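Just so you know, we're using the working numbering here: the sequence shown kicks off at 5 and counts up by one.
To start, the structure itself, in structure tokens.
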Amino acid sequence: MTGWRFNAVVLLVEDVVAYRTWGGQPTIHETDIRRNPLGPLQDIGPSTISVPPSVVVR
């Protein structure tokens with residue numbers, strides 16, 4: 005998709021324009037690059053590893 009995105013609001017009171025606003029922006033295609041050096045293990049997080057309290061060293 006290319007081109008512009010345009011939006012406008014026009015408020016009419018008894019056939020008279022009481023308020024108007026408009027805006028727009030070009031349509032831009034963006035690419036999001038994500039780097040996960042640990043691969044799928046990076047998304048797992050610490051919540052999947054459970055350590056019993058008796059093993060915790062203080």
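Glycine residues also receive a C-beta, built at the ideal position from the N, C-alpha and C atoms.
Please read all numbers here as calculations on a predicted model, not as lab measurements.
| Asked | Found |
| --- | --- |
| In angstroms with no decimal places, state the Cα-to-Cα distance between V20 and V14. | 10 angstroms |
| Can you check which of these residues, G28, L42 and D36, is closest to R9 by C-alpha distance? | G28 |
| What did DSSP end up calling G7 once you bin it into helix, strand or coil? | coil |
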